[in-house]
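Notes follow the structure.
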Amino acid sequence: MPDRLQTMAMLVKVVDEGSITSGARALRMPIATVSRRISELEADLNAELVQRSPRGLTLTEAGTAYVAACRRILEEVAEAERGASGEFTAPRGTLTLTAPIVFGRLYVLPVVTAFLQCHPEVNIQLQLTDRPMSIGEEHIDVAVRIGPLPDSGLIARKVGEVRQVVCASPAYLDKHGRPSAPSDLERTSCITFDQLLAIQAWRFEAEGESLRIPVQARLTVNTAEAALDAAEAGLGFTRVLSYQSAPRIQAGRLETVLQAWEPTPWPIHLVYERRPLLPQKLRAFIDFAVPCIAQSVKAGFAGADR
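Okay, so the sequence shown: first residue is 1 according to the numbering used here, each after it adds one.
See the structure below:
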C-alpha cells in the first residue's frame, strides 16, 4: 500500500505538471522510473489512465475519475498524519496563503511576519498573485478575496472594504482642471488598468443611479503600479483600488477626484474551506489575522481620501 500511495502521488504530480518529463523533474526522479510506475499502475488496474503524446499527456475518462479519487485519498492520508503529529492540538505545520500582489505586500505580509514570530512551529507559503487561485484544486489554506463572493461552501471572514478611486497628479489637475461630474472624464486623457476594472467605460453611482462613462485610454497597462506611475507622471486620470493608490495619495503625489460618485465599495474577505476539524495552525492564523488586517485596511481606506 505505501508503494501504491507513492504511485498515486506520482500520477497526480505528472498530471499537474502536464507531462511525465516535467512531473519527473518536479519529483526529482528519473523519467524512466516515473513512466514505468505509471505503466505498472495502469497494468494493475487494467485501464488506460493517461494518453501520451509529444505535446504532453491527457487523462482518459477513467484517468480523470481515478486522479480525482487519488487527490481525495492523498489529502485524507495527509490529514490523518497531521492529526497524529499533533497539528490539531497545537499550531504547527505549513500554511499556504494567497492574496493579490499589492494587497498582500501591504497588508498580509506584515501580519504573516508577526504571526510567525509568535508561532515558531508554523511555516507559511505566501503566494502573491492577481490570478484567482482555486482553494480546493491548488491546496490553499487561506485566500484573500476582493469583491462580491460567489455562493460557495467556503467560510468567509470580512476584514474590510475597498473603493474604486479615480486619481491624477496635482500638476495635471492644476493644468486641466478638476472634474465636477463623471461626464467630464470623456474629454480627458486616461490610463486604464485592464486586470481588474473595465477599460472602455468606468462605472459610477449617485443617488441610487448607475452611470457608465466611456473613457479615452491614452495608455492601457496590466498592473496597478504602472497605471499609478503614469498618472503620477502627469499623463492623466487612472482608476485603481483605494489601497493601491493610498501611499501615493498620502504622500501628496496623487489626488482623488469624484469621491461622491464612487461605486459601492467592494468587500474584502479571508476565505477558507469548511472542515469537520480545523487545524490549530489555521484557526490560530485566522484569529490573529482578521483583526490585524481589518485595522490596517481601515487606516488605508482613510488614507485614500486625501
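Even glycine gets a Cβ: it sits at the ideal position worked out from N, Cα and C. Bear in mind the structure is a predicted one, so any value in this text is a computation, not a measurement.
Pair within 8 Å by beta-carbon distance, residue i and residue j
i    : j    : result
T256 : V166 : yes
A230 : T238 : yes
A289 : L277 : no
E232 : L211 : no
L173 : I213 : no
F204 : P179 : no
L235 : R248 : no
K13  : A26  : yes
H119 : P91  : yes
I146 : F115 : no
G153 : R72  : no
L128 : I101 : yes
V122 : C292 : no
L309 : I124 : The question about residue 309 has no answer, for the chain in this structure spans 1 to 306.
Burial state of residue i (16 or more Cβ within 10 Å)
i    : result
L258 : buried
V77  : exposed
M8   : buried
R141 : It should be noted that the sequence gives Asp, not Arg, for residue 141. D141 is buried by the Cβ-count criterion.
T192 : buried
E75  : exposed
Q200 : exposed
H139 : exposed
P54  : exposed
S134 : exposed
A227 : buried
A68  : exposed
G23  : buried
A299 : exposed
K281 : buried
A246 : buried
L251 : Looking at the sequence provided, one finds Ala at residue 251 rather than Leu. The residue is exposed, with fewer than 16 neighbouring Cβ atoms inside 10 Å.
Q244 : buried
P2   : Interpretation of P2 is limited by its pLDDT of 47, a score under 50 that renders its predicted location unreliable; the figure taken from the coordinates is listed afterwards. Classification for P2: exposed.
R306 : Because R306 carries a pLDDT of 49, less than 50, the predicted location of this residue cannot be relied on, and no value is offered for it.
S39  : exposed
Rounded Cβ spacing between residue i and residue j (contact assumed at less than 8 Å)
i    : j    : result
V108 : L95  : At roughly 12 Å, the Cβ-Cβ gap does not stay under 8 Å, so V108 and L95 are not in contact.
V159 : A99  : Their Cβ separation, rounded to whole angstroms, is 11 Å, which puts V159 and A99 out of contact at 8 Å.
L49  : L11  : 7 Å
W261 : A206 : 5 Å
I307 : R157 : Absent from the model: residue 307. The displayed extent of the chain is 1 to 306, so no value can be given.
V93  : P279 : Contrary to the premise, residue 93 reads as Gly rather than Val in this sequence. Yes, G93 and P279 are in contact; Cβ-Cβ is about 7 Å, under 8 Å.
Q216 : S189 : 7 Å
Where residue i falls: helix, strand or coil (DSSP)
i    : result
A233 : coil
R119 : Before going further, note that residue 119 is His rather than Arg in the sequence given. Three-state result, H119: coil.
S134 : coil
R145 : strand
V67  : helix
I316 : In the structure as shown, the chain begins at 1 and stops at 306. Residue 316 is therefore absent and cannot be evaluated.
M1   : With a pLDDT of 44 at M1, under the threshold of 50, the modelled position of this residue cannot be trusted, and the question is left open.
S210 : strand
A90  : coil
T238 : strand
V297 : helix
Q250 : helix
V159 : strand
S53  : strand
T223 : coil
A171 : helix
E262 : coil
P110 : helix
V215 : coil
E48  : coil
A201 : strand
L185 : helix
P279 : coil
L74  : helix
L273 : At residue 273 the sequence reads Glu, which differs from the Leu that was named. Correct three-state label for E273: coil.
P267 : strand
Proximity test, Cβ basis, 8 Å: residue i and chain C
i    : result
K281 : This model lacks chain C altogether, as it is built from one protein chain only.
Residue i Cβ short of 7 Å to the ligand NAD heavy atom set
i    : result
S169 : No copy of the ligand NAD occurs in the structure displayed, which carries no ligand at all.
Any chance the stretch 36 to 50 sits against the stretch 69 to 83, with 3 or more Cβ pairs inside 8 Å?
-> No, the stretch 36 to 50 does not touch the stretch 69 to 83.
Hey, is the stretch 265 to 275 in contact with the stretch 159 to 179, meaning 3+ C-beta pairs nearer than 8 Å?
-> The answer is yes - the stretch 159 to 179 touches the stretch 265 to 275, with three or more Cβ pairs under 8 Å.
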